[in-house]
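Trainee:
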Amino acid sequence: MSQTYVLLIRLAGPLQSWGVSSRFAHRDTHSRPTKSGVIGLCAAALGLDREQPLGELATVLFGVRADRPGTPLRDYHTVGGGTYPLRPRDLATDHRRAAAVEAGTGTGTGTGTGDQAPEPFGRQALEAWYGAPKKIAADPVSGTLVSGEVRRHAMLTERWYLADAAFLVGLQHLDRALLERVAHALEYPKRLLWLGRKSCPPSGELALGIEPGTLEEVFERTALLPADGIAPTSETDNRPWAWIESPHPLPGVGPVHDQPVRFDANGPVHSLRWETRHRVTIAPHAREWDIIR
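Right, dumping it as structure tokens:
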């Protein structure tokens with residue numbers, strides 16, 4: 004059998020979010036990094052465009068060990084609604100806003116009638132007129148490009164994250180040179196990197212070296228990632244869960260729909276892969292870490 008190699012990647016930071024079936028109003032997170040998310044991270048580091056094929060990068064076997072699973076964190080907020088401060092161009096280019104202000108339906112005092120002085124620009128606002136451009140089209144009256152949806156109620160959204168989590172990811176392949184290119188790119192990326200979402204930058208080092216062996220072997224002989232001086236609270240803390248990809252659908256191996264095919268701008272395309280879950284027993288003389296937290 005040919006020698007295989009494993010690139011170890013550290014994914015840690017204040018927040019991570021690995022979406023599975025996210026929509027605009029509800030953005031979930033998986034309990035661990037997904038293969039699609041990690042391969043996307045590596046593709047960004049290598050500088051690949053969305054239209055470029057992933058090539059050998061998609062053929063690596065993927066494994067992840069949850070050294071610190073983290074704590075689920077819910078971020079609740081709203082989008083839209085409220086008042087919309089008017090600018091001079093809003094009145095000049097959109098007759099609907101100008102008519103609403105003229106009729107006195109804004110929160111300001113209007114344009115001023117009689118002895119009342121007009122409100123200066125910047126103090127006039129319209130209730131429930133959403134400011135972001137939506138459904139842009141030519142206005143039938145003025146011909147100016149205007150928003151076709153000027154009134155909009157606030158949308159309630161929630162986003163889920165993993166707080167204070169740390170995962171050890173392994174990428175297994177026969178070609179050590181491929182893994183070396185990926186490792187170098189992770190430390191000197193051509194594009195910005197994040198842990199599943201743009202608001203989640205990674206902290207410290209990512210590429211932790213290349214080891215000979217399989218994912219299971221390398222995970223067993225590699226110590227847990229540093230936990231900022233926090234000692235394990237139970238015996239199971241020293242036996243973390245790991246999810247390891249199988250190249251074939253074998254008994255006891257479950258299907259996962261996150262094998263990346265391509266990352267098109269219109270949406271990523273995935274296919275099936277197979278993986279198994281088990282606890283990893285760290286070897287007594289496992290390799291210790293001396294890395295930036």
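Just so we're aligned, residue 4 is where the sequence shown starts under my numbering, counting upward by one.
Quick reminder that beta carbons are idealized off the backbone N, C-alpha and C, glycines included.
(1) Using three-state DSSP, classify P258 as helix, strand or coil.
(2) For A180, name the three-state secondary structure that DSSP assigns.
(3) Please say whether S20 and S202 have beta carbons closer to each other than 9 Å?
(4) Under 8 Å by Cβ, that's how I've got D261 and S39 pegged, so tell me the actual separation to the nearest angstrom.
(5) List the residues that DSSP assigns as beta-bridge partners of E276.
(6) In whole angstroms, what is the alpha-carbon distance linking P271 and G43?
(7) Let me know the beta strand (DSSP E) ranges lying completely inside the stretch 167-234, each 3 residues or longer, listed in chain order.
(8) Take the Cβ of A286 as the centre, count every other Cβ of all protein chains shown within 10 Å, and call the residue buried at 16 or more, exposed below.
(9) Could you tell me the boundaries of the alpha helix (DSSP H) in which A46 lies?
(10) In angstroms with no decimal places, state the Cα-to-Cα distance between G113 and A128.
(11) Are R184 and I213 closer than 9 Å when you measure CB to CB?
(12) Out of R77, V172, L148, H33, which has the shortest C-alpha to C-alpha gap to V221?
(13) Starting from the C-beta of A101, find all residues in its chain whose C-beta is less than 7 Å away, skip the five residues before and the five after it, and write them out in chain order.
(14) With a threshold of 6 Å on Cβ separation, who are the neighbours of R265 within its own chain once the five nearest residues in sequence on each side are excluded?
(15) Given a cut-off of 9 Å on the beta-carbon distance, is the pair Q175 and G22 in contact?
(16) Have a look at R53 and E190 and give me their C-alpha separation to the nearest angstrom.
(17) Specify, as a first and last residue, the run of the beta strand (DSSP E) that E248 falls within.
(18) Mapping the DSSP letters down to three states, classify D70 as helix, strand or coil.
(19) Just mark G15 as buried or exposed, buried being the case when its beta carbon has 16 or more other beta carbons within 10 Å.
(20) Are the CB atoms of L218 and I247 nearer to each other than 9 Å?
(21) Looking at C-alpha atoms only, which residue of L198, S5, L227 is the closest neighbour of R68?
(22) Given this structure, state the Cα-to-Cα distance separating A157 from V82, to the nearest angstrom.
Mentor: For this structure:
(1) strand
(2) helix
(3) yes
(4) 4 Å
(5) The residue asked about is misnamed: residue 276 is Arg in this sequence, not Glu. Answer is V259, bridged to R276.
(6) 10 Å
(7) 210-215
(8) exposed
(9) 38-49
(10) A caution first: G113 carries a pLDDT of 43, below 50, which makes its placement in the model too unreliable to give a value.
(11) no
(12) V172
(13) L94
(14) V272
(15) no
(16) 21 Å
(17) 244-249
(18) strand
(19) Looking at the sequence itself, residue 15 is Ala, so the reference to Gly does not match. The residue is buried, with at least 16 neighbouring Cβ atoms inside 10 Å.
(20) yes
(21) L227
(22) 6 Å
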